[in-house]
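*Asks:* Sharing a structure, written as structure tokens. Questions coming.
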Amino acid sequence: MAATLTAAARRSSASLTSLLLKRHASTLKVGVIGAGRIGRVHLETLAGVPGVQPVILSDVVEPVLKEVTAQYGVPNYTLDGDEVINHPDVQAVWICSPSQFHADQIKKCAKAGKHVFCEKPIATDLNGTIEAIKVADEAGIKLMTAFQRRFDPSFARLHKAIAEGSVGEPISAILQSRDPSPPPFSYVKGGGGLFKDMAIHDLDIARWLMGARGKNDVVQVYATGHCFIDPEIKQLEKSNPSEAIDTAFIQLTFENGGNVTINVCRRATYGYDQRVEFFGKEGTLMHDNLYPNNVHLWNGQSTGRIDLPHNFFMSRYAEAYKNETIAFCQTLQEGKAPSPSGHDGKMALVLAMACDKSFKEKRPVK
């Protein structure tokens, strides 16, 4: 997982690690379920965080388990995720398994008294999400939903500036969210649709930014969409209309009368396009794209950056993935409430479902 980090990003990560090193009272022992791409990312961070010890890893592919446990010095591995949850030394579990297993694993962790860091979604449907959160709350465990953009240094700085009142009361925001290339048809089919799969990150960010100065949640959603990029997915229109689109436009109206516009698309030919413009009563904040380097070129053909923005989400959000894992460890060490919480995960899903409904029925949804 290679990425060129800005000096600010490196300082952000170093600061979190330093805080954890100073404040941890005892070793936090953790387990990880899932040794795929995202599981490895979190395990790499966990293996290097002071005061944290990964003690067991599970996956269904044994050769992968052997390779990854050896690479990161994890003493135990298993093909059964339940053994991670029930391991006597494990205090917290990172759930990085396929989405359909998340809710059941959260409930098992709650029963075993283990805290949970869960990759989104908490569950594949709303009822499953509500039940998993309820069980976790009743058991008194901490449940964090992994929305990594909140931990990207640029998004985090934007939120901090809003919370500090730099631009006054929030009025509006424009979120541009475009991937470098569309996923394969096999991923799109059965993936839940553009709103639940892709736009859910932007829906969470919209709530987070507009609510930075106090409670200010969404009261109305209006969404439209179309297939511009990948004609193959049009055949999915009858089974799930939101799977048959690769471009969408979302309008969110908030309690204070403010508005957020979200533009999402499965392809931007120039790389990850993740820009934000945030307007308040006293000013404007802007967040530009992240580039692999800071080199600019001036010659007879062009002036500007020599390279395009990042074109792979693991490099674009490398620092964010690291920071969210460190933040949850810090939450456990200091006894704080996790953020994003299970409730945040539920609200993002509710908004994605409202977008689905609005798109299908061609009307605003309150």
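Sequential numbering from 5 applies to the sequence shown in our numbering.
Glycine included, every Cβ here is placed at the ideal spot set by N, Cα and C.
Quick one: complete beta strand (DSSP E) runs, 3+ long, within the stretch 92 to 119?
*Replies:* Counting whole runs of 3 or more residues, the stretch 92 to 119 contains the beta strand (DSSP E) stretches 96 to 99.
*Asks:* Measuring alpha carbon to alpha carbon, tell me which residue in T273, N244, P245 is nearest I233.
*Replies:* Position 229 of the sequence shown, counted from the first residue, corresponds to residue 233. Nearest option by C-alpha distance: T273.
*Asks:* Report back the beta-carbon spacing between Q255 and S181 to the nearest angstrom; my notes put them in contact at under 8 Å.
*Replies:* On the sequence shown, residue 255 is found 251 positions in, with the first residue counted as 1. On the sequence shown, residue 181 is found 177 positions in, with the first residue counted as 1. Q255 to S181, Cβ: 14 Å. No contact.
*Asks:* Based on Cα-Cα distance, which residue from A167, A331, L336, P342 lies nearest to G218?
*Replies:* As a first step, residue 218 is located in the sequence shown; it is residue number 214 there, counting from the start. Taking only the C-alpha atoms, the option nearest G218 is A167.
*Asks:* Determine the direct distance from the alpha carbon of K146 to that of Q331, and round the result to whole angstroms.
*Replies:* Here residue 331 is taken as the residue at index 327 of the sequence shown, counted from 1. Here residue 146 is taken as the residue at index 142 of the sequence shown, counted from 1. The amino acid at residue 331 is misidentified as Gln; the sequence shows Ala. Answer to the nearest angstrom: the Cα atoms are 13 Å apart.
*Asks:* Which of the three DSSP states is assigned to A177 in this structure?
*Replies:* On the sequence shown, residue 177 is found 173 positions in, with the first residue counted as 1. Strand, per DSSP.
*Asks:* Considering F283, what are the terminal residues of the beta strand (DSSP E) in which it resides?
*Replies:* Your numbering for residue 283 matches position 279 in the sequence shown. Element bounds for F283: 277 to 284.
*Asks:* Following the continuous beta strand (DSSP E) through Y81, name the residue where it begins and the one where it ends.
*Replies:* Taking the first residue of the sequence shown as position 1, residue 81 is located at position 77. It spans 80 to 82 - the beta strand (DSSP E) in which Y81 sits, taken as one unbroken run.
*Asks:* When you compare only the Cα positions, how much space is there between C269 and D250?
*Replies:* Position 265 of the sequence shown, counted from the start, is the residue given in the question as residue 269. Position 246 of the sequence shown, counted from the start, is the residue given in the question as residue 250. Taking the straight line from one Cα to the other gives about 6 Å.
*Asks:* If you reduce the DSSP assignment to three classes, tell me which class L25 lands in.
*Replies:* Within the sequence shown, the letter at position 21 stands for residue 25. Its pLDDT being 44, under 50, L25 is placed unreliably by the model, and the measurement read from it follows with that caveat. Of the three classes helix, strand and coil, the one that applies to L25 here is helix, per DSSP.
*Asks:* Taking the alpha carbon of V171 as the point to measure from, which residue in D360, I37, Y321, T288 has its own alpha carbon closest?
*Replies:* Translated into positions along the sequence shown, residue 171 becomes position 167. Nearest option by C-alpha distance: T288.
*Asks:* Use the C-beta contact count for M290: other C-beta atoms within 10 angstroms, 16 or more gives buried, fewer gives exposed.
*Replies:* The residue labelled residue 290 in the question sits at position 286 within the sequence shown. So M290 counts as exposed.
*Asks:* Please confirm whether C100 and I60 have their CB atoms less than 7 Å apart.
*Replies:* Position 96 of the sequence shown, counting from 1, holds the residue named residue 100. Position 56 of the sequence shown, counting from 1, holds the residue named residue 60. Not a contact, by the Cβ cut-off of 7 Å.
*Asks:* Whole angstroms is fine: what's the gap from N315's alpha carbon to R309's?
*Replies:* If you number the sequence shown from 1, residue 315 lands on position 311. If you number the sequence shown from 1, residue 309 lands on position 305. Each residue's Cα considered, the two are about 15 Å apart.
*Asks:* So, at 7 Å on beta carbons, what are the nonlocal neighbours of L351 in its own chain, with the 5 sequence-adjacent residues on each side left out?
*Replies:* In the sequence shown, the residue the question calls residue 351 occupies position 347. For the record, residue 351 in the displayed sequence is Met; it is not Leu. Closer than 7 Å at Cβ, skipping near neighbours: R211.
*Asks:* So is F332 in contact with chain C if we call contact Cβ pairs under 7 Å?
*Replies:* Annotation note: the requested chain C is absent from the structure, which comprises a single protein chain.
*Asks:* For G195, collect the residues of the same chain with a Cβ closer than 6 Å to its Cβ; drop the 5 residues on either side in sequence, then sort them by chain order.
*Replies:* Within the sequence shown, the letter at position 191 stands for residue 195. Counting only Cβ-Cβ distances below 6 Å, and skipping sequence neighbours, we find D201.
*Asks:* Using a Cβ distance threshold of 8 Å, determine whether the stretch 352 to 359 contacts the stretch 223 to 231, with at least three qualifying pairs required.
*Replies:* These segments touch.
*Asks:* What did DSSP end up calling I310 once you bin it into helix, strand or coil?
*Replies:* Residue 310 sits at position 306 when you count from the first residue of the sequence shown. Coil.
*Asks:* Which complete beta strand (DSSP E) runs does the stretch 289 to 362 hold, if anything under 3 residues is left out?
*Replies:* You should have 300 to 302, 307 to 309.
*Asks:* Hey, could you find the ends of the beta strand (DSSP E) T273 is sitting in?
*Replies:* To locate residue 273, count along the sequence shown from 1; it is residue 269. Where T273 is concerned, there is no enclosing beta strand (DSSP E), given that its DSSP letter is neither H nor E.
*Asks:* Between A322 and Q152, is the Cβ-Cβ spacing less than 7 Å?
*Replies:* Walking along the sequence shown from the start, residue 322 turns up at place 318. Walking along the sequence shown from the start, residue 152 turns up at place 148. Not closer than 7 Å, so no.
*Asks:* Mapping the DSSP letters down to three states, classify G229 as helix, strand or coil.
*Replies:* Numbered from 1 along the sequence shown, position 225 holds the residue referred to as residue 229. In this structure, G229 counts as strand in the three-state DSSP scheme.
*Asks:* Under 6 Å Cβ to Cβ from W98, same chain only, skipping five residues before and after it: list those, please.
*Replies:* Residue mapping note: residue 98 aligns to position 94 of the sequence shown, counting from 1. V36, H46, F121.
*Asks:* Suppose contacts are defined by Cβ-Cβ distances below 7 Å. Is A96 in contact with E123 by that definition?
*Replies:* Locating residue 96 in the sequence shown gives position 92, counting from the first residue. Locating residue 123 in the sequence shown gives position 119, counting from the first residue. Going by C-beta atoms, A96 is not nearer than 7 Å to E123.
*Asks:* For E241, count neighbouring C-beta atoms within 10 Å of its own C-beta (all shown protein chains included) and say buried if the count is 16 or more, exposed if not.
*Replies:* The residue given as residue 241 occupies position 237 in the sequence shown. Counting Cβ neighbours within 10 Å, E241 comes out exposed, since fewer than 16 surround it.
*Asks:* From P235, N293, A216, P342, pick the residue whose C-alpha is nearest to that of P184; which is it?
*Replies:* By 1-based counting over the sequence shown, the position of residue 184 is 180. Residue N293 is the option with its Cα nearest to P184.
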